[in-house]
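Position in the sequence shown counted from 1, then plus 4, gives you the working numbering.
Positions of the beta carbon are idealized from the N, C-alpha and C atoms, including for glycine.
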Amino acid sequence: MSQTAPTHEPDLLDPAVHARRWFTLATLCLSLLIIVMDNTILNVAIPSLIKELGATNSELQWIVDGYTLVFAGLLLTTGSLGDRFGRKRALRVGIAIFAIGSMLSALATTPANLIATRALMGVGGALIMPSTLSILTNVFRDPKERGRAIAIWAGFSGLGVALGPVIGGLLLTHFSWSSVFWVNLPIGATALVAGYFFVPESKDPAAPRLDPLGAGLSIIGLGSLLFGIIEGPTKGWSSTEVLLAFGIGVAGLVAFILWERHTDHPMLDMSFFNNPRFTAANMAVTLTFFALFGSLFLMTQYWQLVHGYSPLQAGVRLIPYALTMMITAPMSARLVERMGTKRVVTIGLSTISVAMLALSTIHTDSSYARVIFNMCFMALGMALVMAPATESVMGSLPRSKAGVGSAVNDTTRQMGGALGVAIIGSLVASVYASGIDDVAKVFGLSGTPLADARESLGSAFEVAGGLGSQSGAFARAAKDSFVDGLSKGLLLGAAIVALAAFVAYRFLPAAAQDDLVISHDTPSDLMPVAGS
């Protein structure tokens, strides 16, 4: 696609659609909240699943990861389908599938049933998430107003991640594990009703032909790559299964890229990546979610295992973190208007890196105030990155391709998050196991007890219970080993995000209009229909 000079984008938006655009945004944020929150709400129910369903560690992993695998693997395909058949339709179908999957999950009686129903929820989530952002992009035509709307959208995205453990903990205090799925039904019903009145239909006016081969290759490539990332920490990064998954994933994605460059009706126009604004912004989003999911994975364990908080107590202690992100994300748009995208994103990534560096200095007895201050500082940095980077991704594409553009943005989020948990988690586990080996020599531990203690900090506490008078000292030493691993993991995260800050400073344009490579001068694709 050739470069074009900036052109005036024709605004043919229906006046009624424009008048209710903020109600549309509220509906989209509610739809987004339900799927983002589901990523973390289930974590607090894991002990109940072990007790009531008899789930093994492997089954627990796939109850959590099966959703993510299906969700991320389908995003490019569902985003493309939304562009062709209608984004409002994709949103409504997605909410319905997600609600049905939630109901079936709540009624599941075996771990296998729950794994399957969670996968169904992943299908719904993959239809919902790109639809929300692509509809937003088509409703908010003014670049300044669109930036502010995306900032609010990003704030709800961050809020959902942190709210999950809080709401899950509250529900489990009074109800069974199934309540974490039942809660999705009233939220989904509200989003469907509001969507009928406030969300307009939009689609790609060119109505491109379907690209089934491209869709299949993207699903195989992304799914296999994510499978390898998920399984790497438990099966070993050099295991045959993981290496095979990576091999299939890389081969699938290479074949996908080659096919998309060859076909005359690509699902994803690869020339989008020639735009440094699009590519650098996606990288910023990927590494922000690398830090977000990797740090939350560590810090929830720190609160519960090291400080002994219950899931609810740990979730409540994350509220300042969530509020910081929710309050500051909308402000990022106004900062971009004054300082430009490059500066705001670079400052945000640098802030995340510094915060992770500060968090790496905490120890077993660090106070709540010290830890949460640094976490809020990190949330501030994330709020400064997510909205401007997302706006850069969406603003660099034609509105007609908003669905697949949103899907790319969402895919980078999921991949970044999965990589953060897998890579940082693997480093922490390795450092922790090495520390336990050293501790074992002092306490004369060997054989099965040593193997159990190396598995996790929770297992080490069980081993400590059988050491009599030495139990307290061994438990303390195990905590210290875990915190040492946590520190190393956060240092790694800080270094990777610092690299992302350099890339953003080097390649992001100072402001959106400085790098308008892809023309938006296309016919309006927002088409009010009955009931919209």
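Which residue from 131, 299 and 369 puts its Cα closest to that of residue 429? 299
Does the ligand ADP have a heavy atom nearer than 6 Å to the CB of residue 437? The ligand ADP is not among the ligands present in this structure, which contains no ligands whatsoever.
Does chain C have any CB closer than 7 Å to the CB of residue 78? The structure shown contains no chain C; it holds only a single protein chain.
Our contact map puts residue 269 next to residue 321 with C-beta atoms below 8 Å; I'd like the distance itself, whole angstroms only. Wrong, their Cβ atoms sit about 51 Å apart, outside the cutoff.
Just the Cα atoms here: how many angstroms apart are residue 323 and residue 167? 7 Å
If I measure Cβ to Cβ from residue 357 and keep anything under 6 Å in the same chain, skipping five residues before and after, which residues do I get? 498, 501 and 502
Inside the stretch 226–309 only - alpha helix (DSSP H) runs reaching at least 4 residues: 244–266 and 280–305
Pull up the CB-CB distance for residue 488 and residue 439, whole angstroms please, since I reckon it's below 8 Å. 6 Å
Answer yes or no: do residue 230 and residue 461 have a C-beta to C-beta separation smaller than 7 Å? no
Would you call residue 453 buried or exposed, if buried means 16 or more other Cβ atoms sit within 10 Å of its Cβ? buried
Would residue 244 be called buried (16 or more neighbouring beta carbons within 10 Å of its own) or exposed? exposed
Give the straight-line distance between the Cα atoms of residue 119 and residue 31, rounded to the nearest whole angstrom. 29 Å
Alpha carbon to alpha carbon, how far is residue 165 from residue 20? Give it in angstroms, no decimals. 33 Å
For residue 291, which residues of its own chain have a beta-carbon under 7 Å away from its beta-carbon, when the five flanking residues on both sides are left out? 420, 500, 501 and 504
Leaving aside the five residues before and after residue 130 along the sequence, list all residues of the same chain whose C-beta is less than 6 Å from its C-beta, in chain order. 75, 78, 79 and 82
Best match in 67, 222 and 437 for proximity to residue 47 [C-alpha to C-alpha]: 67
Through-space distance from residue 136 to residue 95, alpha-carbon basis: 7 Å
Taking the CB atoms as reference points, tell me whether residue 403 and residue 142 lie closer together than 7 Å. yes
Straight-line CA distance for residue 265 to residue 258? 11 Å
Excluding the five sequence neighbours on either side, which residues of its own chain have a C-beta within less than 6 Å of the C-beta of residue 92, listed in chain order? 203 and 205
CA-to-CA distance, residue 124 to residue 233, given in whole angstroms: 21 Å
Starting from the C-beta of residue 478, find all residues in its chain whose C-beta is less than 6 Å away, skip the five residues before and the five after it, and write them out in chain order. 447, 468 and 471
Distance between residue 279 and residue 416 (C-alpha atoms, nearest Å): 16 Å
Which residue spans inside the stretch 120–155 form an unbroken alpha helix (DSSP H) run of at least 4? none
Can you tell me whether residue 510 is buried or exposed, with buried defined as 16 or more other CB within 10 angstroms of its CB? exposed
Check residue 422 in the structure and name its three-state DSSP category. helix
Could you check the C-alpha separation between residue 274 and residue 261 for me, to the nearest Å? 7 Å
Beta-carbon proximity check, residue 444 vs residue 464, cutoff 7 Å: no
Among 332, 459, 140 and 237, which has the Cα closest to the Cα of residue 409? 140
Can you tell me where the alpha helix (DSSP H) with residue 341 in it begins and where it stops? 323–343
According to DSSP, simplified to helix, strand and coil, what is residue 404? helix
Excluding the five sequence neighbours on either side, which residues of its own chain have a C-beta within less than 8 Å of the C-beta of residue 422, listed in chain order? 72, 76, 230, 233, 234 and 297
With distances taken Cα to Cα, identify the nearest neighbour of residue 362 among 455, 335 and 490. 490
If you measure between the beta carbons of residue 184 and residue 175, is that distance less than 7 Å? yes
Under 8 Å, with one C-beta from each stretch per pair, do the stretch 148–163 and the stretch 326–343 reach the 3-pair mark? yes
Beta-carbon proximity of residue 391 to residue 116, cut-off 7 Å: no
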